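Novice:
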Amino acid sequence: MSRSFVVQCSPLSKCFCYAVASNYSFTKNIIKEPRLLFILDTGSKGIDFTSLSTHLFLLQVIKRPGDSGETPMIGDKVYVHYTGRLLNGKKFDSSHDRGEPFTFNLGIGQMIKAWDLAVASMSKGEVCEITCKPEYTYGVSWNPPKIPPNSTLVFELTEDGGIVRRIKQKGEGYASPNEGAVVDVHLEGSCAGHVFDSRDLRFIVGEAEDHDIPLGVDRAMKRMEKGECCLLYLSPRYGFGTEGHSHFGIGPNADLIYEVLLKEFVKVKNTWDMTMVEKLELAVAAKQKGTQYFKAGKYIQAVIQYQKIVPCLEIEENHSEEHQASVKALVLSSLLNLAMCHLRLQEYSHAVEKCNKVIEVDNSNEKALYRRGKAWLQMNEFYLAKSDFERVLEINTENKAAQAQISICLQKIREHHEREKQTYANMFQKFADQDTKIENVSTAKKNKQN
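Residue numbers (UniProt numbering): 1 to 450.
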């Protein structure tokens, strides 16, 4: 029996589907075999899978193509940002909330089947949305918190692509360094076939920048085991960025390869094992280090430091009066500093999120309102931005920066209205021209008949 199908895809996108139907006869580009991954190049048309919904286990729609055609290999350590939602749109988890991509070894059963299949087809920088039946997620009988049993789930996945880790020699055991751990490594860095760095050294995870070690090597430490030797393929964002590294002779936007051997490491005490005094000492040190990185323009490294503070202090419920003021001040200043980092990194939705957390505690916080207004403005939410800046002026009538931002908002709103006005004017003119054309044709026909 022949059927036609439509998937809502953007023009020139591709859709990847995992089906279990074996008794269907399909039209062009559809594979009949059961449980086979098949690819549909939809062009500008669509393919409707709605009538196959009971037989479709995984639908993957590419929202943004990747930077290259290269896809990860089985066993590769991949770095993925994700947001998981139920079919009703309710979010149940997101790596973006934690500010760090999720990592796993591809194709060896560490993750749900849907992820192993989808990520294997993705290239660096690709963004896709997958809709998956419970058979390819958590099954029909078991479910994690916030996910009802037997749920169909929707994930938006982004192949971070900045770090690809390939293991040359497996390490011992299952323990890995944590944030702040002291590691002893041998590393060798190369660019375009030229070795520019080879040394043995000791550094603190989260502070590798102090030793001219790129961010990608620092982040990979948290996934390595003692004795492991791996190759790290780093994109410029996780290497030396747009500035390069003059001492090593690395130009801007260079891809790097590092071979790293983790010889030994000593983990730091987990925050849940710390006393309140130890947590405060950790928070103060992290704040100082984060500010050092921020002033040097190392915003991602600053985020790593500031992010240490909030989780370890927020979970404390019963502060003594002696510590209450210190805890509140550290948490709020860390959130405000994170918001500023996100603004500099052009991660505006994250900046809004951090400001919201401050405003929940202190709804008259001038810095939080101003920084949220700046983020709204960059997101073209001009009315929301204007409202925040006006609230800043209610709190501090002398804030000239907020006054200037309100003027910018008003200008943006006027420009937006002008564009809308012009759009509608052109639309109505087209309608009028069409009506005139129809009327002229009708008049000509009548004259011809007469």
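Glycine included, every Cβ here is placed at the ideal spot set by N, Cα and C. Remember, it's a predicted structure, so these values are computed and weren't measured experimentally.
#1: Please state whether DSSP places Y138 in a helix, a strand or coil.
#2: For the alpha helix (DSSP H) containing D197, list its first residue and its last residue.
#3: Round the Cβ separation of E188 and D197 to the nearest angstrom and send it over; I've been treating them as touching at under 8 Å.
#4: Find out if the Cβ-Cβ distance for the pair I112, T152 is shorter than 7 Å.
#5: Buried or exposed: where does F16 fall if 16 or more other Cβ atoms within 10 Å of its Cβ makes it buried?
#6: Taking only the alpha-carbon atoms, compute the straight-line gap between D362 and G84 and give it to the nearest angstrom.
#7: Should the region 244 to 257 be regarded as contacting the region 274 to 284, the criterion being three or more beta carbon pairs within less than 8 Å?
#8: By the 10 Å Cβ neighbour count, where 16 or more other Cβ atoms means buried, how is A175 classified, buried or exposed?
#9: Identify the continuous beta strand (DSSP E) that holds Y82 and give its terminal residues.
#10: Between L261 and the rest of its own chain, which residues show a CB-CB distance below 7 Å, the 5 nearest in sequence each way excluded?
#11: Tell me whether N105 sits in a helix, a strand or coil according to DSSP, three-state version.
#12: To the nearest angstrom, how far is it from the Cα of A385 to the Cα of A339?
#13: Please state whether the Cβ-Cβ distance between I395 and E360 is less than 7 Å.
#14: Let me check understanding here. Comparing Cα to Cα, which of Y370, S442, P177, Q378 lies closest to Q346?
#15: Quick check on DSSP: helix, strand or coil for S190?
#16: Would you say the region 117 to 137 touches the region 200 to 212, given that touching needs at least three Cβ pairs under 8 Å?
#17: Would you check if the region 299 to 308 and the region 252 to 259 touch, i.e. whether three or more CB-CB distances between them fall below 8 Å?
#18: Expressed to the nearest angstrom, what Euclidean distance is found between the alpha-carbon atoms of T291 and L343?
#19: Which residue marks the beginning of the alpha helix (DSSP H) containing I359, and which one marks its end?
#20: Which of the three DSSP states is assigned to L377 in this structure?
#21: Among the residues of its own chain, which have a CB less than 6 Å from the CB of Q110, if the five just before and after it don't count?
#22: Take Q169 and list the residues in its own chain whose beta-carbon comes closer than 6 Å to its own, dropping the five residues that flank it on each side.
#23: Return the chain-ordered list of same chain residues with a C-beta closer than 6 Å to the C-beta of H416, the five sequence neighbours on each side being excluded.
#24: Pick from R202, E259, V182: whose alpha carbon is nearest that of H194?
#25: Which one or two residues does DSSP pair with residue 525 in a beta bridge?
Specialist: According to the structure shown:
#1: On the sequence shown, residue 138 is found 138 positions in, with the first residue counted as 1. For Y138, the three-state secondary structure derived from DSSP is coil.
#2: Indexing the sequence shown from 1 puts residue 197 at position 197. It is not in any alpha helix (DSSP H) - D197 instead sits in the beta strand (DSSP E) that spans 194 to 204.
#3: For this step, residue 188 is matched to residue 188 along the sequence shown. For this step, residue 197 is matched to residue 197 along the sequence shown. Yes, E188 and D197 are in contact; Cβ-Cβ is about 7 Å, under 8 Å.
#4: Position 112 of the sequence shown holds residue 112. Position 152 of the sequence shown holds residue 152. No, the Cβ-Cβ distance between I112 and T152 is not below 7 Å.
#5: Here the question's residue 16 lines up with position 16 in the sequence shown. Legend: pLDDT at F16 = 45, less than 50; position of this residue unreliable, no value from coordinates given.
#6: Position 362 of the sequence shown, counting from 1, holds the residue named residue 362. Position 84 of the sequence shown, counting from 1, holds the residue named residue 84. Take the alpha-carbon of D362 and the one of G84: they are about 30 Å apart.
#7: No, the region 244 to 257 does not touch the region 274 to 284.
#8: As a first step, residue 175 must be located in the sequence shown, where it is residue number 175. By the Cβ-count criterion, A175 is exposed, with fewer than 16 other Cβ atoms from all chains shown falling within 10 Å of its own Cβ.
#9: What you label residue 82 is simply residue 82 of the sequence shown in a count that begins at 1. Run containing Y82: 77 to 86, per the beta strand (DSSP E) assignment.
#10: Walking along the sequence shown from the start, residue 261 turns up at place 261. V185, H186, C229.
#11: In the sequence shown, the residue the question calls residue 105 occupies position 105. N105: strand per DSSP, three-state reduction.
#12: The sequence position of residue 385 within the sequence shown is 385, counting from 1. The sequence position of residue 339 within the sequence shown is 339, counting from 1. One C-alpha to the other measures close to 15 Å.
#13: As a working mapping, residue 395 is identified with position 395 in the sequence shown. As a working mapping, residue 360 is identified with position 360 in the sequence shown. No, Cβ-Cβ distance for I395 and E360 is not below 7 Å.
#14: As a first step, residue 346 must be located in the sequence shown, where it is residue number 346. When only C-alpha atoms are compared, the closest one is Q378.
#15: Sequence index remark: in the sequence shown, residue 190 carries index 190 (1-based). Under the three-state reduction of DSSP, S190 is assigned to strand.
#16: No: fewer than three Cβ pairs fall under 8 Å.
#17: At 8 Å Cβ cutoff, the stretches do not touch.
#18: Within the sequence shown, numbered from 1, the residue matching residue 291 stands at position 291. Within the sequence shown, numbered from 1, the residue matching residue 343 stands at position 343. Whole-angstrom Cα-Cα distance: 15 Å.
#19: Your numbering for residue 359 matches position 359 in the sequence shown. Residues 348 to 361.
#20: Within the sequence shown, residue 377 is the residue found at index 377, counting from 1. Three-state result, L377: helix.
#21: What you label residue 110 is simply residue 110 of the sequence shown in a count that begins at 1. For Q110, where only same-chain residues beyond five positions count, the Cβ hits under 6 Å are F104.
#22: Position 169 of the sequence shown holds residue 169. These residues qualify, in order along the chain: C229.
#23: Position 416 of the sequence shown, counted from the first residue, corresponds to residue 416. Excluding sequence neighbours, H416 sits near nothing in its chain.
#24: Walking along the sequence shown from the start, residue 194 turns up at place 194. Nearest of R202, E259, V182 to H194, Cα basis: E259.
#25: With the chain covering only 1 through 450, there is no way to say anything about residue 525.
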